[in-house]
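Q:
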Amino acid sequence: MQYDQFPGSGFGPSNLVDLVRHRASATGSDVCFRFLVDGENEEESLTFRELDRRARQVASWLQSYKLGGERALLLYPAGLDFICAFFGCLYAGVVAVPAYPPRMNRKMDRIDTIATDAEAAVALTTQAVLDRVQPLLELTPDLKKVRWLATDQVPEKIEDNWSNPGITGDTLAFLQYTSGSTGTPKGVMLNHTNLVSNCALISHAFELTRSGMGVFWLPSYHDMGLVGGILQPLYMGRPNIIMSPMAFLQRPFRWLNAISRYRATCSGGPNFAYDLCVRKITPEQRSKLDLSTWTVAFNGAEPVRAETLDRFAEMFESCGFRRDAFYPCYGLAEATLLVSGGLKSEPAVVRSYDAKALENGEVVSLTQSEPGARRLVGAGQRLPNEQIAIVNPETRTLCPPNEVGEIWVKGPTVAQGYWRRRDETDYSFQARLADTGDGPYLRTGDLGFFQDSELFIAGRLKDLIIIRGLNHYPHDIELTVEKCHPAIRPSSAAAFAIDEGDESRLVLVCELERTAREEVDAVLAAILRDVSREHELQV
């Protein structure tokens, strides 16, 4: 078994296959995952030894079809089958391509797009899913050409036929397809070094120990769910509780109840998840929760809002939740997952800035009560072996202090590029400073600045709304809309611009509470009033 020194972690396995093999040998009977089938009480578990055996089963099956080096679509519902299939691909030297499973009465266009782009040779799933999608394959000719295998039907004892294909840190592990919200989905190429390095980075940033416990509901085909909820716990050798995203969305209490019941120390999700708990969890349910063991409540993947932290901390203080447990952080799939984070022992940093100045690229501090103040939550600091630069996106030179610029990242967790997209890879992953030639850096497309070593995210370069030559951040406008009337649901507004002739126009979409149907006129009036007053814009 090969052990190398890798950045930020001392000594350990250089790849995920050696990592799991080591766990199976050293602590094979320890449970690594518990899956809450119903999101509450019914559970399935998997030990390190069982994971190694089932991974070798899948790998041997894939090797029997001579699929080494090929791409495999992973189309699984939440659960342990996905984890075993993912590691089966790694054990076989097959590049995993996680995607959401086909849904009832839904087209398979996105899956078809990913399969075509990745040139997938095989699709792995369960027999139940395969039976469900079989009729749909007639409508998607490209998917019909792919070999489909149900890994819950893998032949018994086949694991003894497995042979290690020689996995190293440089071996391509999987393609993380981006959401496609700003364009066609692109496959981010992540090798074993990227993954092991980011797991080490998370361990350092979160100050995790093997005695801790995690709870995750995030989807396994998403970078936060896969790297944070599956690979990182395996790296640490600590158990993790997982449930399906739908179990959480249907009843948010299930998430916090699992943290309470299993005495979890680490859990989290995007900002909207905390808002959903505030809205949906009743006083009776809160009386049953004990959140005193929750020491890392990470919040990332979308703008972190100070108002959300305030509401959640106030509502769940009686359950033992401590505001200091909040851990705002920043990351993206192109950097594997985590890029920046704070100190676990220190509270989240919240500061106020002049919103108009930020839109003009200037950092001007204000007090929270001053007119035009915008509260920003810090996304932490630079982490070991990672370099973060704030760069003028046009001149490609470092921004002076107190100037907003594009966030550029360099380090061992930065991915290898986009799958078979040379031009986009060169643009995003091979950036260099124009005056010094320093690089290569990853251009994140996110805008931010440092103040007192703390990184603040101001917006996204591609999402800027430009009207009459002035820049506006969509989430600033969205926050104004959400606060203007109680009938508007938190985290349920979207601001964007459309072109009408030679003019750009602001468009807003927002979701109302079901009980607010009679208040539409009042809501519209409030939106028009507050957006005009706060942003000098007409909707």
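So in my numbering, spot 440 of the sequence shown is number 484, and the numbers just go up one at a time. Just so you know, even glycine gets a beta-carbon here, dropped at the ideal spot from N, CA and C.
(1) Give me, in chain order, the residues of the same chain whose beta-carbon lies closer than 6 Å to that of Asp-398; leave out the 5 immediate sequence neighbours on both sides.
(2) Measuring only the C-alpha atoms, how far is Ala-538 from Leu-550?
(3) Write down every uninterrupted run of the alpha helix (DSSP H) in the stretch 365–406 whose length is 4 residues or greater and which is fully enclosed by it, in chain order.
(4) I'd like the ranges of any alpha helix (DSSP H) spanning at least 4 consecutive residues and lying wholly in the stretch 122–153.
(5) Just the Cα atoms here: how many angstroms apart are Ile-202 and Leu-219?
(6) Straight-line CA distance for Ala-136 to Asp-204?
(7) What are the complete beta strand (DSSP E) segments, minimum 3 residues, inside the stretch 203–260?
(8) With a Cβ-Cβ cutoff of 9 Å, do Ala-159 and Leu-187 count as a contact?
(9) Who are Ser-536's beta bridge partners in DSSP?
(10) Should Asp-196 and Thr-157 be called a contact, given that it needs their Cβ atoms to be closer than 9 Å?
(11) Quick check on the burial criterion: 16 or more other C-beta atoms within 10 angstroms. Buried or exposed for Ala-249?
(12) Taking the alpha-carbon positions, what's the Pro-277 to Leu-376 distance?
(13) Considering only DSSP beta bridges, list what Ile-510 is partnered with.
(14) Quick one: give me the first and last residue of the alpha helix (DSSP H) that Asn-315 is part of.
(15) Return the Cβ separation of Cys-310 and Gly-258 in integer angstroms, given the expectation that the two are a contact with Cβ distance under 8 Å.
(16) Please state if the CB of Phe-260 and the CB of Gly-83 are separated by a distance shorter than 9 Å.
(17) Between Ile-127, Phe-356, Ala-345, which has its C-alpha nearest Met-287's C-alpha?
(18) Would you check if the distance between the CB atom of Gln-425 and the CB atom of Ser-472 is smaller than 9 Å?
(19) Drop a sphere of 10 angstroms on the beta-carbon of Ala-566, count the other beta-carbons inside from all chains shown, and report buried for 16 or more, exposed for fewer.
(20) At which residues does the beta strand (DSSP E) containing Asn-284 begin and terminate?
(21) Output needed for Arg-465: all residues of its chain with C-beta closer than 7 Å, excluding positions within five of it in sequence on either side, in chain order.
(22) Can you tell me the Cβ-Cβ gap for Ser-536 and Glu-555, rounded? I've got them flagged as a contact below 8 Å.
(23) Indicate the three-state DSSP secondary structure (helix, strand or coil) for Gln-276 in the structure shown.
(24) Work out the CA separation of Glu-526 and Ser-576 for me, nearest whole Å.
(25) Given that a residue counts as buried once 16 or more other Cβ atoms are within 10 Å of its Cβ, and exposed if not, what is Asn-242?
(26) Decide if the stretch 510–524 is in contact with the stretch 436–449; the criterion is three or more beta carbon pairs, one per stretch, under 8 Å apart.
(27) Tell me, to the nearest whole angstrom, how far the beta carbon of Leu-491 is from that of Leu-505; I am working on the premise that it is less than 8 Å.
(28) Please classify Lys-454: does DSSP put it in a helix, a strand, or coil?
(29) Leaving out five residues before and five after Ala-570 in sequence, what residues of the same chain have Cβ atoms less than 8 Å from its Cβ?
(30) Compute the distance between the beta-carbons of Pro-314 and Met-280, then report whether it is under 9 Å.
(31) Distance, Cα to Cα, Asn-208 vs Asn-238?
(32) Have a look at Arg-418 and Gln-412 and give me their C-alpha separation to the nearest angstrom.
(33) Considering only residues of the same chain and omitting the five flanking positions on each side of Gln-582, which have a CB-CB separation below 6 Å?
(34) Does Gln-294 pass the burial test, meaning 16 or more other C-beta atoms within 10 Å, or should it be called exposed?
(35) Give the secondary structure of Ser-89 by DSSP, where H, G and I count as helix, E and B as strand, and everything else as coil.
(36) Measuring straight from C-alpha to C-alpha, what distance separates Ala-122 and Ser-264?
A: On the basis of the supplied data:
(1) So the qualifying residues of the chain are Val-408, Leu-410, Gly-416.
(2) Cα-Cα distance, rounded: 11 Å.
(3) Those alpha helix (DSSP H) runs which fall completely within the stretch 365–406 and span 4+ residues are 399–403.
(4) Fully enclosed alpha helix (DSSP H) runs of 4 or longer: 124–136.
(5) If you draw a straight line from the Cα of Ile-202 to the Cα of Leu-219, it comes to about 27 Å.
(6) Approximately 13 Å between the Cα atoms of the pair.
(7) Within the stretch 203–260, the complete beta strand (DSSP E) runs of at least 3 residues are 216–221, 231–235, 258–260.
(8) Yes, the pair counts as a contact, with Cβ atoms nearer than the cut-off.
(9) Under DSSP, Ser-536 shares a beta bridge with no residue.
(10) Going by C-beta atoms, Asp-196 is not nearer than 9 Å to Thr-157.
(11) When all chains shown are included, Ala-249 counts as buried.
(12) Rounded to whole angstroms, Pro-277 to Leu-376 spans 19 Å at the Cα level.
(13) Per the DSSP secondary-structure output, Ile-510 pairs in a beta bridge with Asn-515.
(14) Element bounds for Asn-315: 315–324.
(15) Contact between Cys-310 and Gly-258 holds, with the beta-carbon distance rounding to 5 Å and staying under 8 Å.
(16) Not in contact: Gly-83 and Phe-260 (Cβ atoms no closer than 9 Å).
(17) The residue with the shortest Cα to Cα distance from Met-287 is Ile-127.
(18) In this structure, Ser-472 does not lie closer than 9 Å to Gln-425 by Cβ.
(19) Answer is exposed; the Cβ neighbour count stays below 16.
(20) Run containing Asn-284: 284–287, per the beta strand (DSSP E) assignment.
(21) Around Arg-465: Lys-230.
(22) At roughly 4 Å, the Cβ-Cβ gap stays under 8 Å, so Ser-536 and Glu-555 are in contact.
(23) DSSP places Gln-276 in helix when its eight states are reduced to three.
(24) CA-CA distance, Ser-576 to Glu-526, rounds to 14 Å.
(25) For Asn-242, the number of other beta carbons within 10 angstroms of its own is at least 16, and it is reported as buried.
(26) Segments in contact, no.
(27) With 8 Å as the limit, Leu-491 and Leu-505 qualify as a contact, their Cβ atoms being about 6 Å apart.
(28) The DSSP-derived three-state label of Lys-454 is strand.
(29) Only residues of its own chain outside the window of five on either side were considered, and among them Cys-528, His-529 have a CB closer than 8 Å to the CB of Ala-570, listed in chain order.
(30) Inclusion of Pro-314 and Met-280 in the CB contact set at 9 Å is not warranted, their separation being larger than that value.
(31) Spanning the alpha carbons of Asn-208 and Asn-238 requires a straight line of approximately 20 Å.
(32) When only Cα atoms are considered, Arg-418 and Gln-412 end up about 7 Å apart.
(33) Here the set comprises nothing.
(34) Exposed is the call here.
(35) Here Ser-89 sits in strand by DSSP.
(36) Answer to the nearest angstrom: the Cα atoms are 7 Å apart.
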